[in-house]
Ligand SMILES: Cc1cc2nc3c(=O)[nH]c(=O)nc-3n(C[C@H](O)[C@H](O)[C@H](O)COP(=O)(O)O)c2cc1C
Ligand SMILES: Cc1cc2nc3c(=O)[nH]c(=O)nc-3n(C[C@H](O)[C@H](O)[C@H](O)COP(=O)(O)O)c2cc1C
């Protein structure tokens with residue numbers, strides 16, 4: 022069988038286009054509606070997607086006037102989805118900066134247990150000063166400090182997940198011995214950021230470890246990914262950029278002694294699908310006309326660290342913007358936006374349109390064939406192991422993808438006709454870690 | 022209609038008797054089996070219980086040899102149960118000492134959203150030095166300090182839950198205005214333990230606030246309950262003790278300007294139910310004979326702060342035990358155990374038998390009629406507003422209660438024949454808090 026594509030469905034209220042909630046078809050309070058998300062996950066499962074995914078940040082972002090704001094905590098939401106599905110993987114974002122490892126490791130292990138081995142964790146460091154203010158801090162820890170904490174956080178989580186051997190539960194009713202205490206051991210972690218004694222208060226989970234996903238593309242972000250990630254989400258605007266990112270990250274992974282096949286790179290794509298090219302373009306245009314540029318300009322100004330009035334809508338970006346080095350927030354997203362605007366000589370209004378469609382991810386409008394072609398092109402050109410599918414409108418855009426694009430990918434022999442395993446690791450073709458193997462791998466760097 | 026009983030089902034793996042997992046009928050790995058718990062919740066819902074409840078502590082407790090050890094994180098588990106039930110309330114324990122308010126308030130609000138208003142939170146301060154060692158600390162914060170933090174934690178949680186007004190979501194597609202930003206406000210909390218800016222990143226939940234439950238019976242514990250709790254779980258061995266506790270807590274609640282009807286007091290009862298008295302006693306004896314006293318003696322020694330060898334199995338407790346004042350852990354449980362042993366002149370072996378059955382809760386063996394009588398006696402004698410039902414064996418003990426004891430309580434006109442509301446607050450007869458009213462009530466003390 023030829024190399025197979027992986028598909029993740031990135032779900033977000035009424036869709037990734039910021040004006041999607043204004044369409045007549047959209048349920049504007051979908052962001053707190055568990056039935057909406059259960060329905061989406063069932064659609065993705067019908068399309069045999071590897072996984073569904075929720076982004077997250079422990080802070081209210083932006084102006085509530087703009088678009089559906091606030092969201093259900095992802096581990097809770099994914100547990101509700103687990104109950105409504107049977108095979109699809111479930112990836113939740115959680116911050117290593119604003120959680121502590123004992124509780125979070127246990128929570129992901131719990132989701133893995135209740136879902137029968139379908140849990141994944143998108144490990145993020147949470148950019149921006151606003152989140153810090155919800156957690157007793159006046160400002161965010163520095164970028165490098167956040168990534169240093171993230172690495173130690175993961176070491177602690179691995180150790181906790183491995184603190185029970187797989188066969189620690191003896192359950193010998195006759196002898197009256199439930200567990201073998203020699204196979205449940207403290208971890209006695211003492212590090213720069215954490216002291217955690219362990220063991221975890223939960224037997225080892227079906228996958229051993231939930232799948233580790235990473236989504237930051239700064240230097241430190243790529244370093245963390247190369248060392249720990251099993252799947253990587255990334256925003257890439259051009260084939261050349263995506264190829265460079267792909268080659269770079271695979272090489273970094275190999276340099277750390279890991280098989281580069283064990284890290285799956287999934288760029289985002291925001292498809293707008295129509296039965297004809299005209300229909301797709303019409304939908305895209307309808308959406309773009311519903312954007313209210315004031316909100317977007319304010320957020321852009323915040324990201325670029327300038328005042329909104331420094332960004333006249335019909336001019337290009339000012340020439341004197343800060344370097345990525347000076348950014349303590351989301352470094353790679355900052356650079357992506359500035360590069361996109363400069364390369365395509367976009368006005369602020371045009372830039373806002375592009376970001377409103379996919380927040381920096383590649384947008385693509387067309388027929389199911391054209392979308393499939395766009396996906397296959399990158400997949401075969403060494404730019405992707407699969408895609409993070411970010412429908413502009415939900416549920417209709419996901420239905421169009423699952424029912425019209427997926428069958429084409431399947432015809433081309435690039436995508437499964439049914440699940441062959443039951444766990445998220447099996448969908449991504451990744452081994453179940455044994456405690457021993459991991460201890461070595463983690464210690465190897 | 023006469024005053025109505027409230028019933029909560031306290032669920033724990035194979036049952037509350039420590040040897041229950043050794044019975045032929047028991048699934049010894051039920052502690053990580055979501056289907057087991059979904060089945061239990063459906064049984065309780067068929068019996069029209071107000072709620073199901075899970076205890077919790079962020080540490081592995083005791084020797085894994087002894088009995089099923091480790092448990093699924095309760096908010097995750099209850100979310101999975103929410104998907105398998107439609108009416109029953111869902112109460113999860115979470116620690117104010119080892120969580121932070123922003124994440125936890127959001128998590129409970131999320132459970133409230135996905136369950137359609139069925140979430141409750143058993144607020145505990147987590148006793149013992151072992152938990153602290155999983156959270157960067159060498160020892161637990163002092164008892165008074167933990168309760169001080171708990172009170173501030175609750176103030177922050179209330180403020181976050183109320184940071185979105187109920188009608189903040191306008192969802193005006195035409196005008197392109199999703200939320201009314203004037204109705205979503207930061208909380209700007211600055212206190213001894215926390216600085217939290219807010220607002221929450223989630224619209225207000227169906228119940229406004231999840232139901233607040235409290236379960237510590239020390240002086241500070243009762244103070245916290247009187248001020249904040251809407252239901253109280255408590256371990257009481259005798260009618261006289263239960264009456265005194267009930268009168269005391271209702272008086273404390275009234276003294277703070279709260280209607281004492283708004284705090285429901287639920288002592289625990291561990292029923293062992295048989296078709297005949299002999300059958301019940303036979304089951305009780307079978308269970309007690311399966312206890313292995315070494316494990317229990319070690320734990321008792323830890324609680325009493327003596328060495329195991331200071332507790333010969335066939336002698337009474339040593340005379341010179343510490344006062345409750347000297348205990349920084351679970352003060353009220355300590356006193357309950359010592360009082361029980363001294364009052365009934367129990368040997369260590371007998372005490373272990375009593376604690377093995379219900380960990381200090383009232384145990385009661387008998388026919389369904391006798392169990393119903395025991396419940397009604399306390400209910401009518403001013404000792405209880407209802408009961409925390411802790412079956413010795415699960416699922417069989419819960420089935421016996423739901424199918425044989427509940428119908429008797431119903432015949433006596435003391436328990437619902439069906440749910441009349443859809444939320445946990447409605448089951449307990451408690452109002453949905455409006456942001457205004459609560460701000461006043463909380464500020465009143
Ligand atoms: C598809 C995708 C999803 C992401 N989701 C989140 C998220 O949910 N929360 C978050 O804090 N960062 C998320 N990020 C990462 C941020 O965009 C940003 O890169 C990161 O916060 C900062 O890392 P960096 O400085 O290494 O780029 C995501 C990135 C991608 C590509
Ligand atoms: C039914 C019941 C359930 C309880 N569940 C928990 C629990 O899950 N976690 C916990 O830390 N304490 C729990 N407690 C409270 C402890 O028994 C103990 O009272 C408390 O940790 C210390 O509070 P105190 O010193 O005020 O008594 C529970 C108490 C009762 C009566």
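Chains as they are written, first to last, in our numbering: chain A, 22 to 466; chain B, 22 to 466.
We put the beta carbon where it would ideally sit given N, CA and C, even for glycine.
Those residues which DSSP pairs with residue i across a bridge
i, result
"residue 254 of chain A", "A:287"
"residue 387 of chain B", "B:294"
"residue 320 of chain B", "Paired residue(s): none; residue 320 of chain B is not in a bridge."
"residue 113 of chain B", "B:75, B:142"
"residue 27 of chain A", "A:407"
"residue 229 of chain B", "B:226"
"residue 210 of chain B", "B:217"
"residue 368 of chain B", "B:337"
"residue 193 of chain B", "B:198"
"residue 185 of chain A", "A:205"
"residue 234 of chain B", "B:143, B:252"
Alpha-carbon spacing of residue i relative to residue j, whole angstroms
i, j, result
"residue 407 of chain B", "residue 400 of chain B", "7 Å"
"residue 176 of chain B", "residue 278 of chain B", "17 Å"
"residue 357 of chain B", "residue 257 of chain B", "8 Å"
"residue 151 of chain A", "residue 168 of chain A", "18 Å"
"residue 86 of chain A", "residue 200 of chain B", "4 Å"
"residue 398 of chain B", "residue 301 of chain B", "20 Å"
"residue 352 of chain A", "residue 109 of chain B", "47 Å"
"residue 11 of chain A", "residue 194 of chain A", "Nothing can be reported for residue 11 of chain A, as the shown portion of chain A is limited to 22 through 466."
"residue 230 of chain B", "residue 71 of chain B", "17 Å"
"residue 424 of chain A", "residue 52 of chain A", "24 Å"
"residue 158 of chain B", "residue 245 of chain B", "24 Å"
"residue 65 of chain A", "residue 104 of chain A", "15 Å"
"residue 316 of chain B", "residue 323 of chain B", "11 Å"
"residue 309 of chain B", "residue 303 of chain B", "10 Å"
"residue 171 of chain B", "residue 122 of chain B", "10 Å"
"residue 481 of chain A", "residue 185 of chain A", "Since the first residue of chain A shown is 22 and the last is 466, residue 481 of chain A is not available in this structure."
"residue 55 of chain A", "residue 83 of chain A", "23 Å"
"residue 107 of chain A", "residue 136 of chain A", "8 Å"
"residue 41 of chain A", "residue 32 of chain A", "13 Å"
"residue 460 of chain A", "residue 181 of chain A", "Caution applies to residue 460 of chain A, whose pLDDT of 40 falls short of 50 and renders its modelled position unreliable; the model cannot decide the point."
Of the listed residues the options, nearest to residue i (C-alpha basis)
i, options, result
"residue 330 of chain A", "A:303, A:369, A:313", "A:369"
"residue 141 of chain A", "A:173, A:352, A:100", "A:100"
"residue 178 of chain B", "B:222, B:156, B:197", "B:222"
"residue 183 of chain A", "A:161, A:226, A:198, A:172", "A:226"
"residue 237 of chain B", "B:437, B:146, B:46, B:265", "B:146"
"residue 192 of chain A", "B:271, B:89, B:35, B:211", "B:89"
"residue 187 of chain A", "A:206, A:156, A:143", "A:206"
"residue 386 of chain B", "B:91, B:292, B:435, B:162", "B:292"
"residue 79 of chain B", "A:378, A:218, A:76", "A:218"
"residue 36 of chain B", "B:444, B:421, B:415", "B:415"
"residue 271 of chain A", "A:134, A:247, A:161", "A:247"
"residue 259 of chain B", "B:58, B:405, B:241", "B:405"
Buried or exposed by the 16-neighbour rule on C-beta atoms within 10 Å, applied to residue i
i, result
"residue 432 of chain B", "exposed"
"residue 390 of chain A", "exposed"
"residue 418 of chain A", "buried"
"residue 289 of chain B", "buried"
"residue 116 of chain B", "buried"
"residue 465 of chain A", "Because the pLDDT of residue 465 of chain A is 34, which lies under 50, any placement of that residue in the model is unreliable, and the number read from its coordinates should be weighed accordingly. Burial call: exposed."
"residue 165 of chain A", "exposed"
"residue 346 of chain B", "exposed"
"residue 73 of chain A", "buried"
"residue 438 of chain B", "exposed"
"residue 239 of chain A", "buried"
"residue 250 of chain B", "buried"
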